[in-house]
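So the protein lines, in turn, are chains A and B.
Just so you know, the first sequence maps onto residues 27 to 182 in this note's numbering.
Just so you know, the second sequence maps onto residues 28 to 595 in this note's numbering.
Below is one structure, written out as structure tokens; comments come after it.
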Amino acid sequence: MNQFRRTFLKGAGAAGSVAVAVAAGLLKPTEVLAAEWNKAGFGATKLDEALKSVGGAGAAESKDIVIKAPDIAENGAVVPVEITSNIAGTASIALFIETNLNPLCSTYDFSNGALGYISTRVKMAKTSKVRAIVKAGGKTYTAAKEVKVTIGGCGG
Amino acid sequence: MNRREFLQLLAVAAAGGLALDSKSALAANPGSLYDLPAFGNVSLLHFTDCHAQLMPLYFREPNVNLGVASMAGKPPHLVGEKLLKQFGVAPGTAEAHAFTYLDFEAAAKTYGKVGGFAHLSTLVKRVKESRPGSLLLDGGDTWQGSATSLWTQGQDMVDACKALGVDVMTGHWEFTYGAQRVKEIVDRDLKGKMDFVAQNVKTNDFGDQVFDPYVIRPINGVPVAIIGQAFPYTPIANPRHMIPDWSFGIQDDNLQKMVNEARGKGAQVVVVLSHNGMDVDLKMASRVTGVDAILGGHTHDGVPAPVAVKNAGGQTLVTNAGSNGKFLGVLDFEVKNGKVAGWKYKLLPVFSNLLPADPAMEALIKQIRAPYESKLNEVLAVSDDLLYRRGNFNGTWDQLILDALMEVKGAQLAFSPGFRWGTTILPGEPITMEKLMDQTAITYPQTTVNDFTGQQIKDILEDVCDNLFNPDPYYQQGGDMVRVGGLTYTCTPNAAMGKRISDMRLNGKPVSAGKKYKEAGWAPVGEGVAGEPIWEVVAQYLRAKKTIKGIKLNQPKLIGMAGNPGIA
């Protein structure tokens, strides 16, 4: 275990890496995101409405979207999710937890040919499909992976 | 009792009219079981899930071990005669007794106890003698499962395993002593003597490896990589708060990386020492390439022969070596021109009467037990019934725990976890404190009383049932169904998640979703739960009853399982 790296990064704080990403043009400044706040999408309680808000209805299934998430969540309150879009010209990724009260979890825009990759932690109320909607070249693509949330215990 | 005494006893028993038929064959040539001609140049000895059982014991294999979806009717989901037929084991033999529940009581009396570290030690030494350079691998669930392991925080087993000569291990229940204790043992006791490997345990924050993912050891000049796979769902099946900073999971992509890395470093044989459970191992073997064998545990399946799984890179052998020190797996490889050219495997039952105790190990065990003897030997009651745990839905030992919980706590229904460890008691044997601890010795033994609504009860049953019968093994956790006392129900294993449980009744009356019911249970995974330890509750019950008999096993009505060879 690299104790030095751990201490150094703790001191530097997570915000630092975000600032670097923004400076490099990988993420748009927050002001721009704020202006484009998808109120209908993030407020939607129905999956189809939330999907519609990002133009995700009828998106084509794609194997070029890789979702990395646990098969069974160790803690539903912080489920690590990574999404990689290998589709050329990925412009945005939207992340959905289908059975959450508000299914649309987050959206990410990419510019200047940035790699279509995000890593985040999400809260999951119960077992659900984790779905990604990717926009690229004016088309929408999708992939999903099931993550089980269980009460635990009784194993072994 | 030594072997000669045992043979004399058999002769007396035979003269007394006990049916011994094929068993006398064993008596006539007791050594043959252990005459295992050497093969190849790389040998790995494997035991797993001994659950801290240092002493010889009885252990009844299940008569319910259902497989669903693609797993139906395939190893390890075969019981009794179906299992014997699949693996060509002759009925009525010592091996048939070791691998099945058939005619358990009579056979147990004939063949005697199994396991015990002193006897296992003798077998390990014998096999190693014919296989110089071989390594001994321990699949985990070693430091938990007995009174002395709990009272010494696993130290008894650490010392016993060092004396046994374990070279490499991985873990599951080990983690229930907490992260600090595990690290202390690995860094202090095991350092330079035994490798604790786990490719799938990483820190929550940066994903750093907590343990070495693998080790490469030369066997007769051949570099052999042993990659560790800890139980992937430890933080879910057991209390998360005991290992708050560690993340687990199956992580087969990382496993592939480790396989490639080890091959890159010159490993000519790559094996995974796994605590996944057999169904997960079988799926993993189909997805990961470059692994010669997965030596598996967790699901306590005594599988006589490996399952060869085809994958994009060739094939991977998958084994499972039972539990409670009852078996020793011997995997021989013939390695030629840098790769595996042939193999042989044998899962040897450890019959305590046929293997003399190793004196050094016997002395160590005596020393370990000495401070606790009087506590261990307290007789709480005598059982007129056969007491066992294993089986998908219930066992008589669990029913006894449920009955005790309901009576002592005044509850309408009770839940007891579907653990697969726990020894067996023959009718007429005393139930000692030690035997009770064999069923209950965990670091979170608190009992709880809850007012659950009918809906909550159903949700709990559905949740656990999916852990057992999800058609995708990666979503299973490998325990058995939660044991249920007082409440009857119907289970449809092939139904979808949330739709398997129906017709829940208490005293014949349907349970209503909104009404509250008083439930008693134990082994809470949440932090800060207070309650009397389960062994105190059951001990109180046993002392009052004095004799246990006529236990009524509460099992669900099953739908859609007719003809499944995983039930008898």
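Each residue gets a CB set at the ideal place from its N, CA and C atoms; glycine is no exception.
Rounded separation between Ile98(A) and Val92(A) - CA only: Their Cα atoms are separated by approximately 17 Å.
Burial state of Lys310(B) (16 or more Cβ within 10 Å): Around the beta-carbon of Lys310(B), 16 or more other beta-carbon atoms lie within 10 Å, marking it buried.
How is Ala55(B) classed by DSSP in three states: helix, strand or coil? Its pLDDT being 48, under 50, Ala55(B) is placed unreliably by the model, and the measurement read from it follows with that caveat. Helix.
With a cut-off of 8 Å, does the C-beta of Ala49(A) fall near any C-beta of chain B? Residue placement at Ala49(A) is flagged as unreliable, the pLDDT there being 46, under the threshold of 50; the coordinate-derived value follows with that caveat. By this cut-off, Ala49(A) is not an interface position.
Does Glu100(A) get closer than 8 Å to chain B when you measure Cβ to Cβ? Glu100(A) counts as touching chain B.
Enumerate, from N- to C-terminal direction, the unbroken alpha helix (DSSP H) stretches of 4 or more residues contained entirely within the segment 134-185 of chain B. Runs of the alpha helix (DSSP H) spanning 4 or more residues and lying entirely within the segment 134-185 of chain B occur at 144-157, 174-178, in chain order.
Would you call the segment 512-531 of chain B and the segment 453-473 of chain B touching, i.e. three or more CB-CB distances under 8 Å? No: fewer than three Cβ pairs fall under 8 Å.
Note down the Cα distance separating Val249(B) from Ala158(A), rounded to an integer number of angstroms. One C-alpha to the other measures close to 46 Å.
Close Cβ partners of Ile458(B) (< 8 Å) along its chain, the five nearest in sequence each way excluded: Excluding sequence neighbours, Ile458(B) sits near Val406, Leu407, Ala408, Val409, Ser410, Leu414, Ile452, Leu569, Ile575.
As assigned by DSSP and simplified to three states, the class of Arg87(B): DSSP places Arg87(B) in coil when its eight states are reduced to three.
So Ser313(B) is in the alpha helix (DSSP H); what residue range does that whole segment cover? Unbroken alpha helix (DSSP H) run through Ser313(B): 305-314.
With contact counted as at least three CB pairs below 8 Å, one residue from each stretch, are the segment 190-205 of chain B and the segment 267-275 of chain B in contact? Verdict: yes, contact present.
DSSP three-state label for Ser88(A), please. The answer is coil: DSSP assigns Ser88(A) none of H, G, I, E or B.
So within the segment 274-299 of chain B, which uninterrupted alpha helix (DSSP H) runs reach at least 4 residues, ignoring any that extend past its ends? Segments of the alpha helix (DSSP H) lying fully in the segment 274-299 of chain B: 279-291.
Residue span of the beta strand (DSSP E) that contains Pro245(B), given as start and end: Per DSSP, Pro245(B) is one residue of the beta strand (DSSP E) stretching across 241-246.
Could you give the DSSP three-state label for Glu361(B): helix, strand or coil? Glu361(B) falls in the strand class under three-state DSSP.
Could you give the distance in angstroms between the alpha-carbon of Gly428(B) and the alpha-carbon of Asn421(B)? Per the sequence shown, residue 428(B) should be read as Ile rather than Gly. Rounded to whole angstroms, Ile428(B) to Asn421(B) spans 11 Å at the Cα level.
For Ile254(B) and Met305(B), I'd like the C-alpha separation in whole angstroms. Those two C-alpha atoms are separated by around 16 Å.
Alpha carbon to alpha carbon, what distance is there between Lys94(A) and Gly163(A)? Approximately 24 Å between the Cα atoms of the pair.
Quick check on Ile14(B): does DSSP put it in helix, strand or coil? Chain B is shown from 28 up to 595; residue 14(B) falls before or after that span and cannot be answered.
Which whole-angstrom value describes the C-beta separation of Val224(B) and Thr197(B), a residue pair presumed to lie in contact below a C-beta threshold of 8 Å? By a beta-carbon distance limit of 8 Å, Val224(B) contacts Thr197(B). Their separation comes to about 6 Å.
Output the distance between the C-alpha atoms of Ala52(B) and Lys573(B), rounded to the nearest integer angstrom. Because the pLDDT of Ala52(B) is 44, which lies under 50, any placement of that residue in the model is unreliable, and the question is left without a value.
By how many angstroms is the C-alpha of Gly437(B) removed from the C-alpha of Val565(B)? Each residue's Cα considered, the two are about 13 Å apart.
Applying the 10 Å Cβ sphere with the 16-neighbour rule, what's the burial state of Thr146(A)? Counting Cβ neighbours within 10 Å, Thr146(A) comes out exposed, since fewer than 16 surround it.
Which residues, in chain order, does the segment 511-531 of chain B contribute to contact with chain A at a C-beta distance below 8 Å? The segment 511-531 of chain B vs chain A, Cβ under 8 Å: Met524.
Comparing C-alpha positions only, which one of Lys485(B), Val242(B), Asn347(B), Val141(B) sits nearest to Val538(B)? Out of Lys485(B), Val242(B), Asn347(B), Val141(B), Lys485(B) has the C-alpha closest to the C-alpha of Val538(B).
Check Thr252(B) in the structure and name its three-state DSSP category. Residue identity check: residue 252(B) is Ala in the sequence provided, not Thr. Three-state result, Ala252(B): strand.
Could one say the Cβ of Arg314(B) lies closer than 8 Å to chain A's Cβ atoms, at least one of them? No, its Cβ sits nowhere closer than 8 Å to a Cβ of chain A.
Could you tell me if Val104(A) is buried or exposed, where buried requires 16 or more neighbouring beta carbons within 10 angstroms of its beta carbon? Counting Cβ neighbours within 10 Å, Val104(A) comes out exposed, since fewer than 16 surround it.
Counting along the chain, where does the beta strand (DSSP E) carrying Arg147(A) start and finish? Its beta strand (DSSP E) spans residues 142-148.
Identify each residue in the segment 483-498 of chain B for which the Cβ-Cβ distance to at least one residue of chain A is less than 7 Å, and report them in chain order. From the segment 483-498 of chain B, only Ile487, Asp490, Val491, Asn494 have a Cβ closer than 7 Å to chain A.
Helix or strand or just coil, what does DSSP make of Pro102(B)? In the three-state scheme derived from DSSP, where H, G and I count as helix and E and B as strand, Pro102(B) is classed as coil.
What would DSSP say about Gly82(A), mapped onto helix, strand or coil? Gly82(A) carries a coil assignment under DSSP once its states are collapsed to helix, strand and coil.
So with Cβ pairs under 8 Å, would you call Asp90(A) a contact of chain B? The Cβ of Asp90(A) sits no closer than 8 Å to any Cβ of chain B.
Alpha carbon of Ser70(B) to alpha carbon of Gln256(B), nearest angstrom: Cα to Cα, the separation comes out at about 20 Å.
Option nearest Thr475(B) by Cα separation, candidates Val556(B), Glu461(B), Asp412(B): Of Val556(B), Glu461(B), Asp412(B), the residue nearest in Cα terms is Val556(B).
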